[in-house]
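Below is one structure, written out as structure tokens, with a few remarks after it.
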Amino acid sequence: MGTEGFFKRRSLKADDSRRTAAAELTLRQSIFPICLVTVLFFLWGFSYGLLDTLNKHFQNVLNINQARSSGLQAAYFGAYPLASVGHAAWILRHYGYRAVFIWGLCLYAVGALLAIAALKKASFGGFCACIFIIGNGLGSLETAANPFITVCGPPKYAEIRINIAQAFNGIGTVVAPVLGSYVFFNFSDEKALDNVQWVYVAIAAFVLLLATAFYFADIPEITDADMAFQVEVTHTEADDKPFYKQYKLFHATFAQFCYTGAQVAFAAGFINYADYTKPGRSSSTSSKLFAGAQGAFALGRFVGSALMRYVRPRWVFLAFLTMCIVFSGPVITQRENTGVAMLFVVLFFESVCFPTIVALGMRGLGRHTKRGSGFIVGGVAGGACVPPIAFAVGDAKGSGIAMVVPMVFLIASWSYALCVNFVPAYKNVVDSFGETEIGITDRGDDNITKEATSEEKAGVTSVV
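FYI, the numbering for the sequence shown is 1 to 464, going by UniProt numbering.
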């Protein structure tokens, strides 16, 4: 009975029609699950930063141009919609968050192990295929982790939670270029490829251990009924509309597509830009500069999170995205250290945009939350589409002019920031969740519907 109960509590299938204690998690109750899931944010931040560094490394080792090397970004981010609106979305809707976490980590491990064989053969195409598998794994993790962080705890602090968690994603993007500057660019080509293999061995071992930890951890499963309850309490009524009429969600998805495409184009082109704007600068030095820019990106998330404690998140989002557009201009026109410094500033202000679009776009979706979050995360596919355009321009006109491409996409994304601040249909839904007191005070088990099972209550209680 003890063993049966142990495995029953760790069942990966959740009943979305049943409201649980997770609908009203307090700050204290949400700390453990948020900390565990935040590890995933660091993990895919590291993977993303490593990808941008490998981009330049493969240009050097395999003698390929910028446009072809962007196949890494195309494979990585092109996998996201396949996960977020495909297999990961299906698992999320039919099983639950924990099942998707484990599924994504296992895919990541498989891709990392296969990458070793591709590296031994020095096959760029084979490595891109492995990156596609890794992208499916990380896309699965993002499909579950972003909405989980957003809904796990008081709705009032959703934007702050996801920006703090994403700050650790930023830390991961700092660590990867620093690692790359020492293990990729300071050795012979053959030795550098060996070093890359060992990096992927370590990644595979770590993520498999993490998948095991998620299986045994007691984290709450937040159901569609829980999210419908929050919509009912806040009186937003957006939940009543069929999914195809959730136009604010589709606008958020469009904004995410454009913004992510711009962010990835800036990041993937950073080392090329630093080399181009100051001839004679080594790729190792440019990689270290890139790590510094990613440090500014991570710092921006902590600063943005702090500002959101006192200023409405939608205003912070508008201000930061506007500054991204403003400082993109000097990145295009300036050279040497001035241009790189302006790119540092752009990355600082990019910091809060992705997670805040996720949080704002999910407001009021209620029973559509799991499906809708997959669409917003699927917008990451912009990272597969925009960099090849920017790199093609870079090959033809130079890396400075290439920065016009991400600037145009930032301007397109800006339309959502304007709507969420000035269009009442957008603004009212966002503000109603920002003002609710759900989870601010512990209302006790008496307020949970009778449908909540004793196992679900135990699962929530265990994280206190």
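No residue lacks a Cβ here, since even glycine has one placed at the ideal position from N, Cα and C.
Keep in mind that this is a model prediction, so the values were computed, not measured.
- Relative to the Cα of V303, the nearest Cα in the group A165, V85 and G400 belongs to A165.
- Here Q246 has A238, L365, H368 and G372 as same chain residues with Cβ atoms under 8 Å from its own Cβ, once five neighbours each way along the sequence are excluded.
- Per the Cβ contact rule, the segment 171-178 is not in contact with the segment 388-406 (fewer than 3 Cβ pairs under 8 Å).
- Between V386 and V264, the CB-CB gap stays under 8 Å.
- F168 is positioned such that its CB atom lies no closer than 8 Å to that of G295.
- Residue state for C152 is assigned as coil, using DSSP reduced to three classes.
- Fewer than three Cβ pairs drawn from the segment 315-330 and the segment 382-396 lie within less than 8 Å of each other, which leaves the two stretches out of contact.
- With 16 or more other Cβ atoms inside 10 Å of its own Cβ, R161 counts as buried.
- With a minimum length of 4 residues, the unbroken runs of alpha helix (DSSP H) contained wholly in the segment 357-409 fall at 369-378, 382-397 and 399-402.
- Fully enclosed alpha helix (DSSP H) runs of no fewer than 4 residues occupy 247-268, 270-277 and 283-308 of the segment 239-310, in order along the chain.
- In this structure E336 is exposed. Its beta-carbon is surrounded by fewer than 16 other beta-carbon atoms within 10 angstroms.
- The beta carbons of L82 and N136 sit closer together than 8 Å.
- For R301, the number of other beta carbons within 10 angstroms of its own is at least 16, and it is reported as buried.
- By the neighbour-count definition (other C-beta atoms within 10 Å, threshold 16), R309 is an exposed residue.
- Only residues of its own chain outside the window of five on either side were considered, and among them C258, Y259, A262, L321, C324, I325 and S328 have a CB closer than 8 Å to the CB of L410, listed in chain order.
- With a cut-off of 8 Å on Cβ pairs, the segment 343-360 is not in contact with the segment 216-230, counting fewer than three such pairs.
- Here I357 is actually not in contact with A425; their C-beta atoms are around 17 Å apart, not less than 8 Å.
- Rounded to whole angstroms, the Cβ separation of A402 and G269 is 6 Å, and the two are in contact under 8 Å.
- The beta carbon of K278 lies closer than 6 Å to those of E336 in the same chain, with the five residues before and after it left out.
- In the three-state DSSP reduction, Q334 falls in the coil class, being neither helix nor strand.
- A residue is called buried once 16 or more other Cβ atoms fall within 10 Å of its Cβ, and F266 is buried on that count.
- The beta carbon of F41 sits closer than 7 Å to those of A145, A165, Q166, F168 and N169, all from its chain and outside the five residues before and after it, given in chain order.
- For T143 against G374, the beta-carbon gap comes to about 5 Å, under 8 Å, which counts as contact.
- Shown here for I134: same chain residues with a beta carbon closer than 6 Å to its own, the five before and five after excluded, namely Y108 and G111 in chain order.
- The DSSP-derived three-state label of P220 is coil.
- Bounds of any alpha helix (DSSP H) do not take in Y157, whose DSSP letter is neither H nor E.
- Per DSSP, A83 is not a residue of any alpha helix (DSSP H), being assigned neither H nor E.
- DSSP places Y108 in the uninterrupted alpha helix (DSSP H) bounded by Y97 to K120.
- Take L418, set aside five residues on each side of it, and the residues of its chain with a beta-carbon closer than 8 Å to its own are L318, in chain order.
- Our two residues, E24 and G96, have alpha carbons roughly 18 Å apart in a direct line.
- The residue from L105, Y80 and A255 with its alpha-carbon nearest to that of I203 is L105.
- Contact annotation, C128 with L114: C-beta distance approximately 12 Å; criterion of less than 8 Å not satisfied.
- Here DSSP, grouped into helix, strand and coil, assigns L25 to coil.
- DSSP, reduced to helix, strand and coil, places K427 within a helical segment of the structure shown.
- If you ignore the 5 residues before and after A79, its C-beta comes within less than 6 Å of the C-beta of F132, G135, N136 and G139, all in its own chain and listed in chain order.
- Restricting attention to P330, V429 and I34, the CA atom closest to the CA of I149 is found in I34.
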